[in-house]
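In this note's numbering, the protein residues as written are 1 to 178.
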C-alpha cells in the first residue's frame with residue numbers, strides 16, 4: 001500500500017501539480033481544488049510551515065561595506081570623464097544585511113525545492129511583462145507566515161468542503177491557511 005495518493009497521474013506530472021498547488025497556497029493563502037489533491041498538498045505545506053517556524057529567527061545581522069553608484073537629483077548615475085571616457089562615480093556605503101545561519105540556509109533551499117518561483121505583476125501594468133517581479137516564497141514564509149504560527153504546534157491548514165463539482169461530481173474543497 002502506498003503512502004501517498006497517485007491522483008491518476010504519472011509521477012512527474014503528479015509532483016509538478018502538487019508543487020504548483022503548494023506554491024499557489026503559500027502565495028495566495030487559499031486555493032480551490034479537489035479533496036484528494038488538497039489532502040496531499042496539506043502534507044507538503046504543513047512540513048514547509050513547520051520548517052519555517054523552526055528556523056525563522058536563525059540568522060545574524062552583518063555590517064558590510066558596499067560600492068553604490070552616486071546618483072543626482074533625477075536619479076541618474078553621476079559620471080565623470082577619466083582618460084577621455086565617461087566613468088560612473090561610486091561611493092562606499094555601510095549596509096546592514098541579514099545573513100542566514102547554515103540550518104536556515106538549508107531550510108530556505110528545501111522551501112525553494114518544494115515550490116516554484118511565482119511572478120508578480122503590478123495591477124497598473126496588467127498583461128505586460130514590464131515591471132514583473134519574482135516573489136521570494138522563502139522570505140514570505142520566514143517573515144510573514146512563520147510568526148503567525150509561532151505558538152501553534154501543527155494544524156496550519158484547514159479544509160472546508162464546498163460541494164460537488166458540476167462536470168465530474170468530484171468533491172471540491174477550499175484549502176486555506178488558518
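Beta carbons: idealized from backbone N, C-alpha and C, even for Gly.
As the structure is a computational prediction, the values presented were derived from the model and not from experiment.
Item                                                                                        : Value
C-alpha distance - residue 158 paired with residue 26, whole-angstrom precision             : 13 Å
Own chain, CB closer than 7 Å to residue 72, minus 5 neighbours either side, in chain order : 78
Cα-Cα separation between residue 40 and residue 18, rounded to whole angstroms              : 8 Å
Whole-angstrom distance between residue 62 and residue 175, CA atom to CA atom              : 39 Å
Enclosing alpha helix (DSSP H) for residue 60 [first to last residue]                       : It is not in any alpha helix (DSSP H) - residue 60 instead sits in the beta strand (DSSP E) that spans 59-69.
Contact check, residue 135 vs residue 119, beta carbons under 9 Å                           : yes
Status (buried if at least 16 other CB within 10 Å, exposed otherwise) for residue 184      : The displayed coordinates of the chain run from 1 to 178. Any statement about residue 184 would go beyond what the structure contains.
Of the listed residues 142, 162, 133 and 167, nearest to residue 58 (C-alpha basis)         : 142
Test item: CB-CB of residue 94 and residue 70 under 9 Å                                     : no
CA-to-CA distance, residue 22 to residue 55, given in whole angstroms                       : 19 Å
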